[in-house]
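Report on the following structure.
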Amino acid sequence: MVKSLKTKLILGMALLLLVFLSVTGIFSFLTAKRILESQIFVTAQNSALTNARVADRFINGIKQELAALAATPDIQSMDWQRQQPILSRVFANHANWENLYVVDLTLTARTAMGEIVDVANRPYIGEAIRTRQMIVASPVSSKLTGKYIVPIVLPIIPAGSSEVVGVLGMNLELSYLQDVVRGMKVDGINGNGVIVDSTKITVAHVEEKYIGNSQALQDGNDAFRSIIARMVQGEQGVELYRINGRSKLMAYAPVEVAKWSIAVVADLDDVLAPVNRLRNIIIAIILLGLAIASGFAYYFALVTVRPVLRVQAVAEALADGDLTQTVEVKSQDEIGRMARAFNQAISNLTELIGQVSNTAENVAAASEELSAASEEVGQATQQVVEAVNQMARGADQQAKDSVDMSQAIEGLSARVAQVANSSQLMTQYADQVIAVANEGGELIRQTTDQMEVIKEVSTQIGNAITSLGAMSQEIGKIIGVITGIADQTNLLALNAAIEAARAGEQGRGFAVVAEEVRKLAEQSREAATQITELIDQIQTEMDKAVDAQGRNSVEVANGQAAIGQTGAAFATIIDSIQQVVRQIQEVNDAAHHLSVNSEEMVKMVTSVAATAEESAAGAQEISASAEEQNASVQEIAGSAQALAQMAEQLQLAVRRFRL
């Protein structure tokens with residue numbers, strides 16, 4: 256099987272040229288053959304007609320001479336004494352006359368040589384007398400020479416009479432007619448001439464053995480005999496027949512004056528020799544033209560295939576990942592346009608691979624940054640969780656202290672009734688209350704400081720969540736770029752596969768590379784889609800965290816306000832207790848007021864306890880939100896690591912190409 260494009264082109268063009276030259280040659284040969292055959296047939300017919308006219312003029316000349324001789328008074332007198340001198344004189348002037356004689360009505364012939372011959376057995380003598388016309392008899396053997404002669408007789412009819420008084424005759428030697436048939440040609444080709452009479456007896460033939468008989472006319476087949484039948488009927492024509500395995504051409508025409516038919520016979524191969532030479536010349540021209548055309552085809556195929564081979568070499572290098580080579584293009588034809596398109600495809604692929612490589616590096620770097628940021632956010636979130644847990648524990652402790660304070664104040668209220676009985680005991684209790692109030696104030700200050708810490712941590716958490724959201728949006732943009740690049744890569748790979756399919760066998764390697772690039776682009780697009788979904792989930796969770804952070808900020812602000820109120824209340828308690836100490840003497844009068852103030856203090860302490868419980872609940876909610884945020888950050892870190900792995904795989908795939 257031929258695999259070379261150059262060989263295919265050479266064979267295809269050579270075959271096309273061979274078919275074209277063969278068809279042209281065959282058509283030309285057949286046309287020329289038809290023309291030559293027609294010309295040869297016309298020439299053969301003309302040859303037969305020309306020789307027929309020659310024979311006709313020859314016989315007609317004899318007829319006229321005999322008629323002129325028969326019209327002389329001496330011949331018409333039937334007086335041999337008068338006839339003999341004339342006959343002798345005329346006979347002496349004709350070398351091809353075998354004899355000249357006069358026959359009387361007794362069928363006795365007297366020759367110019369003085370012989371007397373009985374011709375009663377010669378039917379043509381009686382026929383001439385009977386028909387009163389010239390008779391050209393069939394050849395007979397001469398008694399003088401032993402050669403065949405043709406008797407020609409003419410009735411002698413005296414002027415002014417209608418009666419035949421005798422017959423004037425001559426015996427024609429066949430040498431002249433033999434020369435005629437021997438000289439007959441068909442278009443310059445020697446042929447075999449033959450003259451036959453109406454009885455199918457051969458008058459003249461190139462072979463003397465056939466003269467005087469019909470043997471030459473009986474050796475052929477039915478086709479030949481049918482031609483002879485038309486000849487003796489006085490027709491003319493050119494016909495073909497086969498005899499003894501050889502094709503013959505026969506042209507025949509009538510010799511009317513003698514009622515003969517003359518024909519020329521030639522071998523068809525000899526006659527058609529010019530046609531055969533033309534055939535050989537056409538074959539030689541076809542072969543020469545094919546050789547020359549094959550040379551041009553080889554040169555054309557070489558010129559045509561050379562840029563294809565250059566494209567093939569660059570395509571093979573491209574299949575190996577080498578994008579540094581291009582095809583030198585000089586021609587403006589389809590192959591040149593294909594090479595320029597191929598170079599453009601290589602340039603686009605180089606640019607695409609470069610973009611993919613840069614994008615893969617950027618994605619890898621962004622993935623590392625995202626992973627590091629996720630770890631930092633995770634650590635910050637863990638710190639927030641710990642701080643919130645501490646705040647929750649502080650709030651629980653505050654609630655417990657508030658309960659204790661409430662119990663203490665209730666005990667103080669109970670003791671107010673005993674103030675009047677024992678001022679000293681009240682003073683002691685007042686000192687204890689001052690100490691407890693100072694402790695409560697210290698706890699309030701600690702709670703206030705802790706709430707400030709919680710507020711700052713909440714602010715940091717909010718800022719971190721906001722930064723994380725911005726990073727998620729940036730990652731989304733990067734993923735969008737990756738998705739676009741993957742789609743473009745997929746489209747370019749599809750176009751490259753289509754171009755490779757058009758290139759056929761030479762583009763198969765390029766099609767494999769294009770398919771691999773398309774698969775990588777599809778994987779990149781799917782990975783980018785997964786990352787986009789994860790980022791959407793993260794942004795959703797961060798939105799929840801922002802909402803929770805907002806609520807926590809409100810609760811922290813409320814807690815600060817409540818703690819401020821509690822601090823103010825504790826300040827009032829301390830002032831009141833100090834006034835109690837200073838106005839110990841006025842205990843009885845102030846006992847009622849102290850009881851009222853104690854009840855208010857109980858309410859305030861209860862409010863502080865409730866606020867502390869709410870602060871603890873808010874801290875627990877913040878802790879739960881921080882835990883959820885930490886889990887989301889862990890998912891982001893995992894997605895970033897997966898993205899980094901995919902970017903590394905993409906970089907490994909891109910490294911196959913040399914830019």
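Numbering (my numbering), first residue to last: 256 to 914. Just so it is clear, CB atoms sit at the ideal spot from N, CA and C, and this is done for glycine as well. Since we're looking at a predicted model, the values are computed, not measured.
Could you pull the start and end residues of the beta strand (DSSP E) that E494 belongs to?
Translated into positions along the sequence shown, residue 494 becomes position 239. Counting along the chain, the beta strand (DSSP E) containing E494 begins and ends at G492 to I498.
Contact check, A299 vs V435, beta carbons under 9 Å
As a first step, residue 299 is located in the sequence shown; it is residue number 44 there, counting from the start. As a first step, residue 435 is located in the sequence shown; it is residue number 180 there, counting from the start. The answer is no: Cβ separation not under 9 Å.
DSSP on T744, reduced to helix/strand/coil?
Taking the first residue of the sequence shown as position 1, residue 744 is located at position 489. Helix, per DSSP.
At least three beta-carbon pairs within less than 8 Å, the region 357-367 to the region 539-554:
no
K732: which of L698, T703, Q638 and N617 sits nearest, CA to CA?
Taking the first residue of the sequence shown as position 1, residue 732 is located at position 477. Nearest of L698, T703, Q638 and N617 to K732, Cα basis: N617.
Could you compute how far the alpha carbon of M425 sits from the alpha carbon of N531?
Counting from one through the sequence shown, the residue named residue 425 turns up at place 170. Counting from one through the sequence shown, the residue named residue 531 turns up at place 276. Between M425 and N531, the C-alpha separation is close to 48 Å.
Can you list, in chain order, the residues of its chain with a C-beta nearer than 6 Å to that of V767? Leave out the 5 residues immediately preceding and following it.
Residue numbering aside, residue 767 sits at position 512 when the sequence shown is read from its first letter. No residues qualify anywhere along the chain.
Taking the alpha-carbon positions, what's the Q820 to E868 distance?
Here residue 820 refers to the residue found at position 565 of the sequence shown. Here residue 868 refers to the residue found at position 613 of the sequence shown. Their Cα atoms are separated by approximately 16 Å.
Quick check: what's the CA-CA separation for D329 versus G415?
Taking the first residue of the sequence shown as position 1, residue 329 is located at position 74. Taking the first residue of the sequence shown as position 1, residue 415 is located at position 160. For D329 and G415, the distance between alpha carbons rounds to 15 Å.
What first and last residue would you give for the beta strand (DSSP E) that runs through V520?
Position 265 of the sequence shown, counting from 1, holds the residue named residue 520. V520 -> beta strand (DSSP E) spans W515 to D522.
Locate the alpha helix (DSSP H) running through L543, then write down its first and last residues.
The sequence position of residue 543 within the sequence shown is 288, counting from 1. That run of the alpha helix (DSSP H) goes A528 to A574.
At what residues does the beta strand (DSSP E) containing E382 begin and finish?
Here residue 382 refers to the residue found at position 127 when the sequence shown is read from its first residue. Per DSSP, E382 lies in no beta strand (DSSP E); the unbroken alpha helix (DSSP H) holding it starts and ends at P378 to T386.
Kindly identify the DSSP beta-bridge partner or partners of G424.
Within the sequence shown, numbered from 1, the residue matching residue 424 stands at position 169. Beta-bridge pairing links G424 to Y356 and V408.
Go through the region 284-341 residue by residue and report every complete run of the alpha helix (DSSP H) that reaches 4 residues or more, in order.
328-331
Reduced DSSP secondary structure (H/G/I, E/B, other) of N693
The sequence position of residue 693 within the sequence shown is 438, counting from 1. It is helical.
By Cβ distance, which residues of its chain are closer than 7 Å to A600, with the 5 residues on each side in sequence left out?
One-based indexing of the sequence shown puts residue 600 at position 345. A751 and E754.
For N813, does the three-state DSSP call read helix, strand or coil?
As a position in the sequence shown, residue 813 is number 558, starting the count at 1. Helix, per DSSP.
DSSP-derived helix/strand/coil call for K402:
Within the sequence shown, residue 402 is the residue found at index 147, counting from 1. Residue state, collapsed to three classes: coil.
Which residues does DSSP list as the beta-bridge partners of R501?
For the purposes of this step, residue 501 is taken as residue 246 along the sequence shown, with counting starting at 1. Note: R501 sits in a beta bridge opposite I498.
DSSP-derived helix/strand/coil call for G448:
Translated into the one-based positions of the sequence shown, residue 448 becomes position 193. Strand, per DSSP.
For the alpha helix (DSSP H) that contains A484, what are its first and last residues?
The sequence position of residue 484 within the sequence shown is 229, counting from 1. A484 -> alpha helix (DSSP H) spans D477 to V487.
Measuring only the C-alpha atoms, how far is V458 from F313?
As a working mapping, residue 458 is identified with position 203 in the sequence shown. As a working mapping, residue 313 is identified with position 58 in the sequence shown. Each residue's alpha carbon lies about 14 Å from the other.
Leaving out five residues on either side along the sequence, give the residues of the same chain with a beta carbon under 7 Å from the beta carbon of P413.
Indexing the sequence shown from 1 puts residue 413 at position 158. So the qualifying residues of the chain are Q331 and V420.
CA nearest to the CA of T581, picked from D588, E589, L273 and N598:
On the sequence shown, residue 581 is found 326 positions in, with the first residue counted as 1. That would be N598, whose Cα lies nearest to the Cα of T581.
Grab me the residues of Q792's own chain with a C-beta within less than 8 Å of its C-beta, minus the 5 sequence neighbours each way, in chain order.
The residue labelled residue 792 in the question sits at position 537 within the sequence shown. For Q792, where only same-chain residues beyond five positions count, the Cβ hits under 8 Å are S887 and E890.
Residue range of the unbroken alpha helix (DSSP H) whose run includes V436:
Counting from one through the sequence shown, the residue named residue 436 turns up at place 181. Unbroken alpha helix (DSSP H) run through V436: S430 to R437.
Taking the alpha carbon of E583 as the reference point, which residue from R592, D575, G576 and G759 has its own alpha carbon closest?
By 1-based counting over the sequence shown, the position of residue 583 is 328. The residue with the shortest Cα to Cα distance from E583 is R592.
For A478, tell me which candidate among T721, S502, V274 and A269 has the shortest Cα-Cα distance.
Counting from 1 along the sequence shown, the entry for residue 478 is found at position 223. Nearest to A478 by alpha-carbon distance, out of T721, S502, V274 and A269, is S502.
Taking just the CA atoms, how far does G381 sit from V519?
Here residue 519 refers to the residue found at position 264 when the sequence shown is read from its first residue. Here residue 381 refers to the residue found at position 126 when the sequence shown is read from its first residue. Those two C-alpha atoms are separated by around 33 Å.
Just checking my contact of A322 with L427 at CB under 8 Å: how many whole Å lie between their CB atoms?
As a working note, residue 322 is residue 67 in the sequence shown. As a working note, residue 427 is residue 172 in the sequence shown. Wrong, their Cβ atoms sit about 15 Å apart, outside the cutoff.
So A471 is in the alpha helix (DSSP H); what residue range does that whole segment cover?
Taking the first residue of the sequence shown as position 1, residue 471 is located at position 216. Unbroken alpha helix (DSSP H) run through A471: Q470 to Q473.
Got a sec, what are the start and stop residues for the beta strand (DSSP E) R365 sits in?
In the sequence shown, the residue the question calls residue 365 occupies position 110. T363 to T366 is the span of the beta strand (DSSP E), which, as asked, contains R365.
Quick one: Cα of R561 to Cα of G544, how far?
By one-based count along the sequence shown, residue 561 stands at place 306. By one-based count along the sequence shown, residue 544 stands at place 289. Computed Cα separation, rounded: 25 Å.
Short of 8 Å in beta carbon distance, which residues of its chain neighbour T363, apart from the five on each side in sequence? Order them along the chain.
Position 108 of the sequence shown, counting from 1, holds the residue named residue 363. Within the same chain, T363 has close Cβ partners I371, V372, D373 and V374.
Return the CA-CA distance between K263 and A758, expressed in angstroms with no decimal places.
Translated into positions along the sequence shown, residue 263 becomes position 8. Translated into positions along the sequence shown, residue 758 becomes position 503. So the two alpha carbons sit approximately 16 Å from each other.
Cutoff 9 Å: V435 Cβ touching any chain B Cβ
Protein chains in the displayed structure number just one, and chain B is not present.
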